[in-house]
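Counting in the numbering used here, the sequence shown runs without a single skipped number right up to 716 at its last residue.
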Amino acid sequence: MNRLCVIGIVCFVAIGQQVMAGDARLTHIQPDPQTGSSRAVLVGDVPLVHTTQVFPQNANAAATDTAAQCDSALNTLAAVLESVESGMDRIVRLHVYAAGQDSADAARRVLAKRFAGEAKPAVTFVVGRLPRPDSLIAMDAVATTTLDPGRNLHVPKTVTTTAAFLPASVMPAGTRIYIAGQAEPGSSVAEATAKTMSGLDKTLTWLGVNKSHVAEVKAFLTPMDKVEEAQAELRKFFAPQPVPPVSFVEWSSTLPIEIELVVWGGRHQSGEPVEFLTPPWMKDSPVFCRVTRINQTRSIYTSGFVAAKADSATEEVHDVFVSLKKALDATGSDFRHLAKATYYVSTDAASQKLNELRPQYYDPKRPPSASKAVVPGVGQQGRGLTLDMIAVPAIKAGKPEYGPEEFGHGLTSADADAGWLSLFDGWTTYGWSNASVDGALLIGGWTTTEFGPVAVRVDVATAGSITIGGKVRDVTPGIVSFESSAGRGPIELGKGTRLRTLVVRPLNLKPICNGRDLAGWRRIDRKGTPPEKQPEWKVVDGSFQVTGGPSCLEYTERQFGDVVLQLQVRTRVRNGNGGVYVRSIPGDFLNGYEAQVYNKAEDGDPSRPSVWSTGSIDDRQLARRLVSRDREFFAYTIIAHGPHIATWVNGVQLVDWTDDRTDHDNPRSGRRTKPGAIQLQAHDPGSDLEYRAIFAGEWK
Numbered sequence: 017m018n019r020l021c022v023i024g025i026v027c028f029v030a031i032g033q034q035v036m037a038g039d040a041r042l043t044h045i046q047p048d049p050q051t052g053s054s055r056a057v058l059v060g061d062v063p064l065v066h067t068t069q070v071f072p073q074n075a076n077a078a079a080t081d082t083a084a085q086c087d088s089a090l091n092t093l094a095a096v097l098e099s100v101e102s103g104m105d106r107i108v109r110l111h112v113y114a115a116g117q118d119s120a121d122a123a124r125r126v127l128a129k130r131f132a133g134e135a136k137p138a139v140t141f142v143v144g145r146l147p148r149p150d151s152l153i154a155m156d157a158v159a160t161t162t163l164d165p166g167r168n169l170h171v172p173k174t175v176t177t178t179a180a181f182l183p184a185s186v187m188p189a190g191t192r193i194y195i196a197g198q199a200e201p202g203s204s205v206a207e208a209t210a211k212t213m214s215g216l217d218k219t220l221t222w223l224g225v226n227k228s229h230v231a232e233v234k235a236f237l238t239p240m241d242k243v244e245e246a247q248a249e250l251r252k253f254f255a256p257q258p259v260p261p262v263s264f265v266e267w268s269s270t271l272p273i274e275i276e277l278v279v280w281g282g283r284h285q286s287g288e289p290v291e292f293l294t295p296p297w298m299k300d301s302p303v304f305c306r307v308t309r310i311n312q313t314r315s316i317y318t319s320g321f322v323a324a325k326a327d328s329a330t331e332e333v334h335d336v337f338v339s340l341k342k343a344l345d346a347t348g349s350d351f352r353h354l355a356k357a358t359y360y361v362s363t364d365a366a367s368q369k370l371n372e373l374r375p376q377y378y379d380p381k382r383p384p385s386a387s388k389a390v391v392p393g394v395g396q397q398g399r400g401l402t403l404d405m406i407a408v409p410a411i412k413a414g415k416p417e418y419g420p421e422e423f424g425h426g427l428t429s430a431d432a433d434a435g436w437l438s439l440f441d442g443w444t445t446y447g448w449s450n451a452s453v454d455g456a457l458l459i460g461g462w463t464t465t466e467f468g469p470v471a472v473r474v475d476v477a478t479a480g481s482i483t484i485g486g487k488v489r490d491v492t493p494g495i496v497s498f499e500s501s502a503g504r505g506p507i508e509l510g511k512g513t514r515l516r517t518l519v520v521r522p523l524n525l526k527p528i529c530n531g532r533d534l535a536g537w538r539r540i541d542r543k544g545t546p547p548e549k550q551p552e553w554k555v556v557d558g559s560f561q562v563t564g565g566p567s568c569l570e571y572t573e574r575q576f577g578d579v580v581l582q583l584q585v586r587t588r589v590r591n592g593n594g595g596v597y598v599r600s601i602p603g604d605f606l607n608g609y610e611a612q613v614y615n616k617a618e619d620g621d622p623s624r625p626s627v628w629s630t631g632s633i634d635d636r637q638l639a640r641r642l643v644s645r646d647r648e649f650f651a652y653t654i655i656a657h658g659p660h661i662a663t664w665v666n667g668v669q670l671v672d673w674t675d676d677r678t679d680h681d682n683p684r685s686g687r688r689t690k691p692g693a694i695q696l697q698a699h700d701p702g703s704d705l706e707y708r709a710i711f712a713g714e715w716k
């Protein structure tokens, strides 16, 4: 294992302009005050609002005044966003649909005024007939929100199930699925829509989701005056629930309609940042993917790029892709990490050259999910192509997503593997009471965790004393090593004692797995899991290995109350999810205190561990930091005494928590201090984990 010793303060430098108003989790790349837009917007793994296509109110009163209509549409959009605890300064992407080129030009001027602050969205313009013939402008948006949607797609409270179409939906943080446009022939718009939605329903089922997970629908339609037929079929498909947010775009095609979907894929999905998927009944394509899935990571939304030079169709297409590359470079992405593309073409030459040239830019095994629409205009005079993208930051070979593994202050790789724990991180008093830090030296105080027999190694700066289990030992400057067999208690520094490092290794722990088979352990699967979906537990090279889930292994030879548990864990896929349980109800499925296994942090920053990151106590206490990494074994220590629980990962203390709830037999419902079972979890069908070198003991 490649190790990085010392945990400290991490500085994060964002490329572009970091927004201070609205949502500080947005980074705007090359914001332009002349257009009120940014070239791209980088957003974290947060809940996202998708709005329906909104129109001006009372459009007939301003039939020829595009500016007034644009202002009115923006006011409508603001009201929709407000209903889901969002706002105009939280918009990530804005699509503007204009009835003509003059309307698009006027809308740009309005946007420059309305988005005069720091927060400027990525913006794409498309020209064509609108679903409402009296409107010159329509819009839809993606935005962040302060609303917590829970674990399901959220419908605004102001909307009842009797409403035909939702004004907005809120996707929780997690997995997002982009289904490329699908189209079926039909003798009418109604028939084609019904057949297309039936095909999309088959794709949803294959993905393990359903129509209740659909966050947004986009339909490319001809002729636009048949929009009510398409709307009626959408109502039938989504009944008895209302239709998710939907937008219609006029296109020119021999097929009446093509429909693409944005779908919430669940709270957690292990795997690479972007997965490129093809349903088994469809054919692969080197230039677009049928389905892409973004698995819990930052997303990049680009504006609609148009060429600066377009003397020929070849030059126009190349110039657009050069602009895209510059935006991807600025956000830390590349062409291999594109997730969703929308191409709007208004000339045959641009359409043909796009087909011819885009294979030069894409990895044929990783093309984005895409829809291509021939439209009347792309929002800029004299241009025949615009495209916008959704991407994720690139994770490149030799450059780990969160940097190298991290280890406790004063520890080496071998120390961590041997079970040593750092009790001082070098700069804070975390895990201590009545202590202080001066010039990277720990002074006085005592640990909040109680220790029994331990080996001790300390780098003493100023002579003094250390008390362990009530027994005092004098220490002099320099490296001092000794073993303590005293009774359980906190480790206390005498008055005036100053230390550079303090590390300990628990003694007298016993192995509870033999490394050969599952003797002493039993599997417990979640009730109702069919046999074909039950995971496989096996022993390989001394490790318990499991793929799939949900399931657990339970140690049956003994139960532990005040326990010291040490083991090594490895996740063999990105964001593999598991857990280590103590004081579980014996024989129950995962009713205990869970020390999480989930190597994920927000925005690629290990100082911002995710809610369920490794070291956390599930639903009770978050880890301080992400120090472990996927595909690398890490050392895990859990110490529970009375109501107090502490965790260390690679020797770094991540949790220092006391359960102050009332007593209860089930730790999910209250405090449990009496003995219980040790269990190892496989969280979900995407789990791929190893547990090995499992040692446990009970300090008296």
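Cβ coordinates follow ideal geometry from the N, Cα and C atoms, glycine included.
The C-beta distance from Val598 to Val579 rounds to 6 Å, short enough to fall under 8 Å. Within the region 85-146, complete alpha helix (DSSP H) segments of at least 4 residues are found at 117-130, given in chain order. The straight-line gap separating the alpha-carbon atoms of Arg352 and Ser500 is approximately 55 Å. Taking C-beta separations shorter than 7 Å and ignoring five residues to either side along the sequence, the partners of Asp700 in its chain run His284, Gly565, Pro566, Asn593, following chain order.
The closest CA to that of Asp441, considering only Asp433, Gly455, Gly426, Ala432, is found on Gly426.
Listed in chain order, the non-local C-beta contacts of Ser644 below 7 Å within the same chain comprise Glu421, Asn615, Thr630, Phe650, Val665, Asn666, local neighbours out to five positions each way being set aside. Secondary structure within the region 610-668: the beta strand (DSSP E) runs of 3 or more consecutive residues, fully enclosed, are 650-657, 660-665 (chain order).
The closest CA to that of Gly461, considering only Val470, Val474, Gly447, Arg516, is found on Gly447. Nearest Cα to Gly282 within the set Pro47, Asn311, Arg521: Asn311.
Under the DSSP assignment, Trp436 falls outside any beta strand (DSSP E); it carries neither an H nor an E label. In the three-state DSSP reduction, His284 falls in the coil class, being neither helix nor strand. Measuring C-alpha to C-alpha distances from Thr663 to each of Val278, Gly510, Ser119, Leu439 identifies Leu439 as the nearest. The DSSP assignment places 452-454, 457-459 as complete runs of the beta strand (DSSP E) inside the region 441-475, in order along the chain (cut-off: 3 residues). Inclusion of Leu638 and Pro522 in the CB contact set at 9 Å is not warranted, their separation being larger than that value.
If you look at Asp704, you'll find it in the beta strand (DSSP E) that goes 704-713. In the structure shown, Glu422 falls within a strand segment according to DSSP collapsed to helix, strand and coil. Annotation for Cys529: Ile710 place their beta carbon closer than 6 Å to its own, counting only its chain and skipping 5 residues before and after. In this structure Ala199 is not in contact with Glu291, their Cβ atoms being roughly 23 Å apart against a cut-off of 8 Å. Using a Cβ-Cβ distance cut-off of 8 Å, the region 61-74 and the region 153-170 are in contact, since at least three pairs of beta carbons, one from each stretch, lie closer than that value. By the criterion of a C-beta distance shorter than 8 Å, Gly287 is surrounded in its chain by Arg309, Asn311, Val589, Arg590, Asn591, Gly702, once the five residues flanking it on both sides are discounted. Comparing alpha-carbon positions, the option among Glu245, Gly531, Ala196, Gln550 lying closest to Ser559 turns out to be Gly531. Cβ neighbours of Gly480 within its own chain (closer than 6 Å, five residues either side excluded): Gly510, Gly512, Thr513. For the options Pro63, Phe131, Ser151, Val108, the alpha carbon positioned closest to that of Thr80 is the one of Ser151. According to the DSSP assignment, Lys252 belongs to the alpha helix (DSSP H) that extends over 243-254. Using a Cβ distance threshold of 9 Å, Arg192 and Leu64 count as a contacting pair. Burial check for His66: the Cβ neighbour count within 10 Å reaches 16 or more, so the residue is buried. Using a Cβ distance threshold of 9 Å, Ile411 and Ala355 do not count as a contacting pair. Rounded to the nearest angstrom, the gap between the Cα atoms of Leu370 and Gly60 is 31 Å. Secondary structure of Ala199 (DSSP, three-state): coil.
A Cβ-Cβ separation of about 6 Å places Val279 in contact with Val225 under the 8 Å criterion. Contact fails between the region 380-392 and the region 322-338, because fewer than three Cβ pairs, one in each stretch, are under 8 Å apart.
Glu207 is not a Cβ neighbour of Thr238, given a cutoff of 9 Å. Taking C-beta atoms as the reference points, Ser204 and Lys242 count as a pair closer than 9 Å.
For Ala357, the closest C-alpha among the options Asp345, Thr363, Arg382, Ala365 is that of Arg382.
Collapsing the DSSP output to three states places Gln561 in a strand.
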